[in-house]
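Engineer: Please see the structure below; I have some questions.
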Ligand SMILES: Cc1ncc(COP(=O)(O)O)c(C=O)c1O
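Residue numbers (this note's numbering): 6 to 365.
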């Protein structure tokens, strides 16, 4: 199986740990002697209940979460959270938003449906090539929370640490760097991520809520599926069982590798190898400012843009997939999430050297 695997640099859905896939394959048809697959059983039965319990326990442990937090295994992607957060916490009020790219803009657009979204910073003038320093944030002074996108998948930028938040709890779209490094979890009122990059298959969205923010959620005249207070602590409807099942194994894999510190170390090493190659001379160049560069999505271009198509095609032939930049910005992007092995990054670097030698 290993030999047939591509070096997968897809931005999402993205590469998952091989061990996790193998384990799921072994169990898929007959889950632990039950004669059925886990995805053919009731989500209220003992088998799934145990998977759900383990996933919550492991997530709490990995992130160092206290009992002050609630976890939701949800559907609807990060995109639904763009709307649910203001629906619950910013109805007719104001919240502060940091605009560092396409996904931040989408979150701001949804927030404006329900209340006021004050833009505390935007890097749109430099085509989102950077994230702000704390001193650049201009808060409204009357916000319910401060929303930011921790990693900007399209533009290849990432916050090194949590931004200042004017004494407010943070609301964070962590879709593309979730579980890639330790967090100061107590600063978050709500943290959400679509699973399909670092955590599992598409279809599962992980939402972590601080009880302090949760207590402020609107409860009058709400739609049940959109209400956090209705959703927490219960299986209100059928959860994305396959997603939670795989997510549980991804968490087990993360713990077996040494947790988030170990993930961070590996991710820093992988990114350094690749950024060094991009910066070797001016054949390639990075699109994000150095201080803001993402450890997850390495965005780069070729000085001769006419060669980019050939670069991506030849890479594909050499067994490297998913290197095309997002359709809105073009160029190249190597997504090197937790499960992307160091060997894949090394293979890409060798390929880049060879390509430069041939075309430079
Ligand atoms: C940072 C970020 N936020 C949000 C989204 C949208 O996520 P979803 O498709 O799960 O709604 C993406 C998708 O790539 C993303 O990278």
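All residues carry an ideal CB built from backbone N, CA and C; glycine is no exception. None of the values given here were measured: they were computed from a predicted structure.
#1: Using 10 angstroms around the beta-carbon of residue 184, count the other beta-carbons present and answer buried if the total reaches 16, otherwise exposed.
#2: Within 10 angstroms of the Cβ of residue 336, are there 16 or more other Cβ atoms? Answer buried if so, exposed if not.
#3: For the beta strand (DSSP E) that residue 340 lies in, which residues bound it at each end?
#4: With a threshold of 7 Å (Cβ to nearest heavy atom), would residue 181 be considered close to ligand 1?
#5: Quick one, are the C-beta atoms of residue 151 and residue 101 less than 8 Å apart?
#6: Whole angstroms is fine: what's the gap from residue 93's alpha carbon to residue 73's?
#7: Is it true that the CB of residue 344 sits closer than 8 Å to the CB of residue 22?
#8: Near residue 125, which residues of its chain fall below 6 Å by C-beta distance, leaving aside the five closest residues on each side in sequence?
#9: Nearer than 7 Å: is that true of the beta carbon of residue 108 relative to any heavy atom of ligand 1?
#10: Fully enclosed by the region 107–146, which alpha helix (DSSP H) runs are 4 residues long or longer?
#11: Out of 355, 70 and 127, which has the shortest C-alpha to C-alpha gap to residue 108?
#12: Could you pull out every residue in the same chain whose Cβ sits closer than 8 Å to the Cβ of residue 7, ignoring the five residues on either side in sequence?
#13: Expressed to the nearest angstrom, what Euclidean distance is found between the alpha-carbon atoms of residue 153 and residue 16?
#14: Can you find a C-beta in chain D that's less than 8 Å from the C-beta of residue 220?
#15: As a quick exercise: from 29, 10 and 28, pick the residue whose alpha carbon is nearest that of residue 20.
#16: Rounded C-beta distance between residue 182 and residue 301? I'm assuming under 8 Å.
Structural biologist: From the atom records:
#1: Counted from its first residue, the chain shown places residue 184 at position 179. In this structure residue 184 is buried. Its beta-carbon is surrounded by 16 or more other beta-carbon atoms within 10 angstroms.
#2: Against the chain shown, residue 336 aligns to sequence position 331. Buried, since its Cβ has 16 or more Cβ neighbours within 10 Å.
#3: Here residue 340 is taken as the residue at index 335 of the chain shown, counted from 1. It spans 337–340 - the beta strand (DSSP E) in which residue 340 sits, taken as one unbroken run.
#4: Locating residue 181 in the chain shown gives position 176, where the first residue counts as 1. Answer for residue 181: yes, Cβ within range of ligand 1.
#5: Numbered from 1 along the chain shown, position 146 holds the residue referred to as residue 151. Numbered from 1 along the chain shown, position 96 holds the residue referred to as residue 101. Yes.
#6: Position 88 of the chain shown, counted from the first residue, corresponds to residue 93. Position 68 of the chain shown, counted from the first residue, corresponds to residue 73. Spanning the two alpha carbons is a distance of roughly 18 Å.
#7: Taking the first residue of the chain shown as position 1, residue 22 is located at position 17. Taking the first residue of the chain shown as position 1, residue 344 is located at position 339. Result yes, Cβ atoms of residue 22 and residue 344 sit closer than 8 Å.
#8: Translated into the one-based positions of the chain shown, residue 125 becomes position 120. So the qualifying residues of the chain are 101, 103, 142, 143 and 144.
#9: Residue mapping note: residue 108 aligns to position 103 of the chain shown, counting from 1. Within the cutoff, so yes.
#10: 107–119
#11: Counting from 1 along the chain shown, the entry for residue 108 is found at position 103. Nearest option by C-alpha distance: 127.
#12: In the chain shown, counting from the first residue as 1, residue 7 sits at position 2. Confidence at residue 7 is low in this model, with a pLDDT of 49, below 50, so its placement is unreliable and the value that follows should be read with caution. Counting only Cβ-Cβ distances below 8 Å, and skipping sequence neighbours, we find 23.
#13: Taking the chain shown and counting its residues from 1, one reaches residue 153 at position 148. Taking the chain shown and counting its residues from 1, one reaches residue 16 at position 11. Between residue 153 and residue 16, the C-alpha separation is close to 19 Å.
#14: No chain D is present in this structure, which holds just one protein chain.
#15: As a working note, residue 20 is residue 15 in the chain shown. Cα-wise, what sits closest to residue 20 is 10.
#16: If you number the chain shown from 1, residue 182 lands on position 177. If you number the chain shown from 1, residue 301 lands on position 296. That belief holds up - the Cβ atoms of residue 182 and residue 301 are roughly 5 Å apart, short of 8 Å.
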